[in-house]
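J.: Counting in UniProt numbering, the sequence shown runs from 1 upward without gaps.
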Amino acid sequence: MSTLPTVVFIDDEERILRSLRMLFRGRAEVLATTSATEVYGWVRTRPVHVVVSDQRMPGATGVEVLREVARLSPPTMRILLTGYADLEAVTASVNEGEIFRFVEKPWDGPYLVDAVLRAAETARQDLEAAAQPVPAREPAPVATAAQVLVLDPAATMAATVRELLPASIAVKAAADVEQALHELARRETAVVIAVLTDATGDVVDAIKRLKALRPATLVIAVSSIRDSRLAIGLINEGQIFRFLLAPPVRELLRRCLISALERHAQLRTTPRLLRRHEVEAPRAPAPSLPGRLLDAWRRLREGVGR
């Protein structure tokens with residue numbers, strides 16, 4: 001029996017599939033196709049570690065394919081590989097497909113191999129666990145002791161979040177990154193809602209740094225900036241849970257919050273799932289921080305892991 005991971009590639013161009021077969025020869029058992037139906041058949045009938053999908057294809061988008069893969073085989077890791085980094089596709093990839101990485105064409109070979117094999121190793125553990133018989137149990141309850149933190153310089157989003165959540169869930173507000181880090185160090189935080197008004201700066205940098213220190217904390221980015229490059233960076237380097245455009249529809253925001261709270265509870269009860277939220281190293285050097293923020297990050301690092 002092969003010990004190589006099974007990786008499925010779907011693209012509407014045969015030449016792309018040939019290149020991917022060559023790139024992963026000897027590294028994975030490669031299944032390549034132009035048919036979404038064939039992909040679904042594979043993930044139903046055999047362990048598939050990773051599905052890598054193009055976005056623009058006849059009959060189905062990559063987001064639609066990966067969303068269905070997530071439904072059919074939750075342990076299978078999902079990567080979107082596309083030459084079209086339009087904002088709609090990027091946001092849908094994380095909001096609907098919950099992808100591990102967003103990779104652009106033309107791809108960098110070593111980077112793509114590393115991303116796929118990292119994803120495959122994570123999926124291997126989850127697939128093995130899924131194959132073991134376990135007693136039936138109730139879904140993990142939402143931890144009401146864990147708070148929701150709203151990082152919003154305008155200080156308007158927190159009131160909306162309080163209206164949308166049960167009163168038993170504490171909602172704290174922070175006007176800047178320093179205040180947010182203080183709250184994160186003080187109490188377990190299930191979800192951070194980060195309001196973005198700038199494609200760079202402290203908030204974006206904080207999202208990318210946070211996952212390494214608080215892997216079970218889920219981040220929902222609410223952005224007034226329609227920037228696909230920003231969203232891609234937050235997916236790959238920050239493993240954000242959702243990316244919403246401001247102002248978010250109330251019902252959509254409510255559903256995202258409930259999903260994030262449920263996922264946090266699941267991550268706390270099943271720590272191996274934290275590997276699915278592993279971030280990649282930043283491609284650009286991290287900005288230098290003022291002393292007050294360095295101190296705040298130091299306090300967070302020294303705190304109890306959340």
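All C-beta atoms in this analysis are idealised placements derived from N, C-alpha and C, irrespective of residue type, glycine included. Bear in mind that the values here come from a model prediction, so they are computed numbers and not experimental data.
Give the DSSP-derived three-state secondary structure of L117 in the structure shown.
T.: As a first step, residue 117 must be located in the sequence shown, where it is residue number 117. In the structure shown, L117 adopts helical secondary structure according to DSSP, grouped into three states.
J.: Once the 5 residues before and after L23 are set aside, which same chain residues still bring their CB inside 8 Å of it?
T.: Working through the sequence shown from its first residue, we reach residue 23 at position 23. Cβ neighbours of L23 beyond the five flanking positions: G109, L112 and V113.
J.: From the DSSP secondary-structure annotation, give me the bridge partner or partners of L149.
T.: Position 149 of the sequence shown, counting from 1, holds the residue named residue 149. DSSP, once it has assigned bridges, lists K172 and V192 as partnering L149.
J.: For S73, is the classification buried or exposed, using 16 other Cβ atoms within 10 angstroms of its Cβ as the cut-off for buried?
T.: Working through the sequence shown from its first residue, we reach residue 73 at position 73. Result: buried.
J.: At what residue ranges does the UniProt domain "Response regulatory" (6-120) contain a whole run of the beta strand (DSSP E), taking only runs of 3 or more?
T.: 6-10, 29-33, 50-53, 77-82 and 101-104
J.: What does S223 pair with, by DSSP beta-bridge criteria?
T.: For this step, residue 223 is matched to residue 223 along the sequence shown. In the DSSP output, where bridge partners are listed per residue, S223 has L196 and L245.
J.: Run the CB neighbour count on G97, radius 10 Å, all protein chains shown included, and call it buried at 16 or more, exposed below.
T.: Sequence index remark: in the sequence shown, residue 97 carries index 97 (1-based). By the neighbour-count rule (16 or more Cβ atoms within 10 Å), G97 is buried.
J.: Rounded to whole angstroms, what's the CA-CA distance from R275 to A231? Just pull it up for me.
T.: Residue mapping note: residue 275 aligns to position 275 of the sequence shown, counting from 1. Residue mapping note: residue 231 aligns to position 231 of the sequence shown, counting from 1. Looking at the two C-alpha atoms, the distance is approximately 21 Å.
J.: Count the other C-beta atoms from every protein chain shown that fall within 10 angstroms of the C-beta of S93, then say buried if there are 16 or more, exposed otherwise.
T.: One-based indexing of the sequence shown puts residue 93 at position 93. S93 is buried by the Cβ-count criterion.
J.: Which residue wins for smallest C-alpha separation from R46, given the options S53, V52 and E38?
T.: Locating residue 46 in the sequence shown gives position 46, counting from the first residue. Cα-wise, what sits closest to R46 is E38.
J.: Counting beta carbon pairs with one atom in the stretch 177-185 and one in the stretch 263-273, are three or more of them shorter than 8 Å?
T.: Verdict: no, contact absent.
J.: Mapping the DSSP letters down to three states, classify L4 as helix, strand or coil.
T.: Walking along the sequence shown from the start, residue 4 turns up at place 4. Taken through DSSP and simplified to helix, strand or coil, L4 comes out as coil.
J.: Under DSSP, the alpha helix (DSSP H) around R254 begins and ends at which residues?
T.: Taking the sequence shown and counting its residues from 1, the one referred to as residue 254 is at position 254. That run of the alpha helix (DSSP H) goes R250 to T269.
J.: CB of R275 to nearest heavy atom of the ligand MG: below 7 Å?
T.: Summarising the ligand content, the structure contains no ligands, and the ligand MG is consequently not present.
J.: Where E64 and T197 are concerned, what is the direct C-alpha to C-alpha distance, given to the nearest angstrom?
T.: In the sequence shown, residue 64 corresponds to position 64, counting from 1. In the sequence shown, residue 197 corresponds to position 197, counting from 1. One Cα belongs to E64, the other to T197, and the distance between them is close to 29 Å.
J.: By DSSP, does L181 sit in helix, in strand, or in coil?
T.: Position 181 of the sequence shown holds residue 181. Correct three-state label for L181: helix.
J.: Tell me, which residues are paired with L218 by DSSP?
T.: Counting from one through the sequence shown, the residue named residue 218 turns up at place 218. Answer by DSSP bridge pairing, in chain order: V191.
J.: Taking the straight line between their C-alpha atoms, what separation do you get for L177 and L261?
T.: Translated into the one-based positions of the sequence shown, residue 177 becomes position 177. Translated into the one-based positions of the sequence shown, residue 261 becomes position 261. Looking at the sequence provided, one finds Val at residue 177 rather than Leu. If you take the alpha carbons of V177 and L261, they lie about 22 Å apart.
J.: Between residue 308 and I225, which are expected to be in contact by the criterion C-beta below 8 Å, what is the C-beta distance as a whole number of angstroms?
T.: There is simply no residue 308 to check, as the chain begins at 1 and stops at 306 in what is shown.
J.: Figure out for me which residue from V48, V7 and A85 has the closest Cα to the Cα of A28.
T.: Locating residue 28 in the sequence shown gives position 28, where the first residue counts as 1. The shortest C-alpha separation from A28 is found at V7.
J.: Would you please state the rounded distance, in angstroms, between the beta carbons of I99 and L80? I believe it to be under 8 Å.
T.: Counting from 1 along the sequence shown, the entry for residue 99 is found at position 99. Counting from 1 along the sequence shown, the entry for residue 80 is found at position 80. About 5 Å; that satisfies the 8 Å criterion.
J.: Helix, strand or coil, according to DSSP, for I240 in the structure here?
T.: Taking the sequence shown and counting its residues from 1, one reaches residue 240 at position 240. Reduced to three states, the DSSP call for I240 is coil.
J.: Please report the distance separating the alpha-carbon of V304 from that of P75.
T.: For the purposes of this step, residue 304 is identified with residue 304 of the sequence shown, where counting begins at 1. For the purposes of this step, residue 75 is identified with residue 75 of the sequence shown, where counting begins at 1. Caution is warranted here: a pLDDT of 48 is assigned to V304, below 50, making its placement in the model unreliable, and no coordinate value can be reported.
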